Amino acid sequence: MQPIEDYLDVICSQIGNRDIHTEIRSELRTHLEEIVAELSDEGAAIEEAIATALERVGDPVDIGKRMNKVYKPRLDFRLLGLLGVAVALGLFSLALVPSYSSGGNTFLTRQILWVGLGLLGLVGAYHVNYRWLAKLDLPFYLITLGAVLISLHIPGSKYYWLEVAKITFILSLAGHLAKNKEELKWWSLLAYGLIPCLGVLLPSLSTSLLFVLLFLAMLWQAGVAKKHLYGVGGSFFVLGVLYLLNVSPYQMQRIAIFLNPGQDPLGAGYSVIQAKNAISAAGLWGQGLFKGNHLLPEPHTDFIFASLVHQAGWMVGLAVLVVFAFLLMRVFWIISRARGLFPTLVAFGIGTMLLFNIAWNLGMQVGLLPVAGINLPFFSYGGSAMLMNFIAMGLLLNIAKEIQPVPLA
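Using the numbering used here, count along the sequence shown one by one with no gaps and you end on 592.
What follows is the structure in structure tokens.
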């Protein structure tokens, strides 16, 4: 119906956000065609029905201008500000850690470079049309599978590729569920379930647990049929029991040390004991900057929070917790207002990943969770994790920019 298409052209010409044009045209076209069909059933000629429908909807220029106000991209300065504070605190924490190098604090210097690269990744993720990403569920799945396989077979590459796999897994599963939620096939669930199963073969079991959590959480958020959710959850439970029954002596030792670190205070339990001692001895304002790093193993990665608290005090540690709390609250605010299933699932997956990493890392500082090599986002030294976390935040900002602050009417 050419008059309707011309009408939609005028509306879209007033809307600067081109990423939303296809969605707006589809919604308005459906609405207009319903009105035309209703009028035709009442006996009106097709030309008359179209003209009446367009008149009912209103002036296209006025509608376009009002839609432009609603759909104008808006940068989420709250999320961006919280990210900036977290990164600044992370760099400050690294500045307090000796790099064991005569050339200065190489940890801090390299981390600043990775922050710069991360900002480029954030800008790219912010500007990409995420609706286009929704169509790439299969390529993202193949990248995820390939990244996990590379991590298994190429020594020294696991950390970088697993960080990539976490993001591509979220994008792939979100795209697949957005397209196939109502007609989900068991073979596709098996395919996605293969990823965490392969993760069990990695030295770090926490990565496999994260994939399981992401899988189940995103299925739940998508609202899939209960038979699928219970089937996947039950399968992982059975596999988990079988794994525990056949766990390696090394993993059994890790579990035993987690339950009782004092069992091996100079060996496997040393890290947890030292971290707990460092935090408990900190006091409100700490033991002094650049002091006490010799007490902690890996003060620049796994135990950077304990290092910061020991030197700067409980008040600074509390400030870090508050920043993370507000950051996560903002992420879940975006989830509750995202437009469409795909962006909702992407934001939910990223939020789940951040919550998992933050909670586990902080939990292992005080002995509530076993030491598992999980970095604290935006704090721990590590280029690949920093880069992918920035890309994740760019995707969140991308999704947030289309959240409607005002009603259309």
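Positions of the beta carbon are idealized from the N, C-alpha and C atoms, including for glycine. In this text the structure is predicted, and so the values were computed from the model without any measurement.
C-alpha gap between residue i and residue j, whole angstroms
i           : j           : result
residue 309 : residue 456 : 42 Å
residue 284 : residue 492 : Bear in mind that the predicted position of residue 284 carries a pLDDT of just 48, short of 50, making it unreliable; the figure below should be weighed with that in mind. Spanning the two alpha carbons is a distance of roughly 23 Å.
residue 562 : residue 294 : 9 Å
residue 331 : residue 398 : 16 Å
residue 274 : residue 299 : 12 Å
residue 460 : residue 390 : 27 Å
residue 510 : residue 279 : 24 Å
residue 246 : residue 208 : 12 Å
residue 222 : residue 356 : 42 Å
residue 328 : residue 197 : 43 Å
residue 176 : residue 349 : The displayed coordinates of the chain run from 184 to 592. Any statement about residue 176 would go beyond what the structure contains.
residue 203 : residue 254 : 8 Å
residue 392 : residue 585 : 32 Å
residue 503 : residue 272 : 8 Å
residue 219 : residue 228 : 10 Å
Residue burial classification, residue i (beta-carbon count within 10 angstroms, cutoff 16)
i           : result
residue 188 : exposed
residue 185 : exposed
residue 490 : buried
residue 558 : buried
residue 543 : buried
residue 233 : buried
residue 201 : exposed
residue 547 : buried
residue 379 : buried
residue 483 : buried
residue 581 : buried
residue 281 : exposed
residue 419 : buried
residue 519 : exposed
residue 472 : exposed
residue 359 : buried
residue 193 : exposed
Identity of the residue in the options nearest residue i by Cα
i           : options               : result
residue 568 : 474, 530, 345 and 547 : 345
residue 303 : 268, 579 and 573      : 573
residue 413 : 369, 439 and 454      : 369
residue 407 : 364, 228, 269 and 558 : 364
residue 375 : 497, 209 and 324      : 324
residue 551 : 259, 458, 518 and 565 : 458
residue 352 : 582, 530, 581 and 546 : 530
residue 336 : 360, 494 and 385      : 385
residue 347 : 425, 357, 334 and 264 : 334
residue 244 : 266, 190, 317 and 312 : 190
residue 507 : 480, 481 and 268      : 268
residue 594 : 481, 495 and 405      : This structure cannot settle anything about residue 594, because the visible part of the chain is limited to 184 through 592.
residue 555 : 526, 498, 579 and 485 : 485
Considering only residues of the region 484–517, which uninterrupted alpha helix (DSSP H) runs meet the minimum length of 4 residues and lie entirely inside it, listed in chain order? Annotation note: the region 484–517 contains the following uninterrupted alpha helix (DSSP H) runs of length 4 or greater, listed N- to C-terminal: 487–495.
Suppose only complete runs of 4+ residues qualify. What are the alpha helix (DSSP H) ranges in the region 380–433, listed by chain order? Runs found: 388–405 and 409–428.
Just to confirm the assignment: which complete alpha helix (DSSP H) runs, minimum length 4, are found wholly within the region 215–258? With a minimum length of 4 residues, the continuous alpha helix (DSSP H) runs that stay inside the region 215–258 are 229–240 and 243–254.
Where in the region 287–314 do unbroken runs of the alpha helix (DSSP H), each at least 4 residues long, occur, reported from the N-terminal end onward? Runs of the alpha helix (DSSP H) inside the region 287–314: 289–310.
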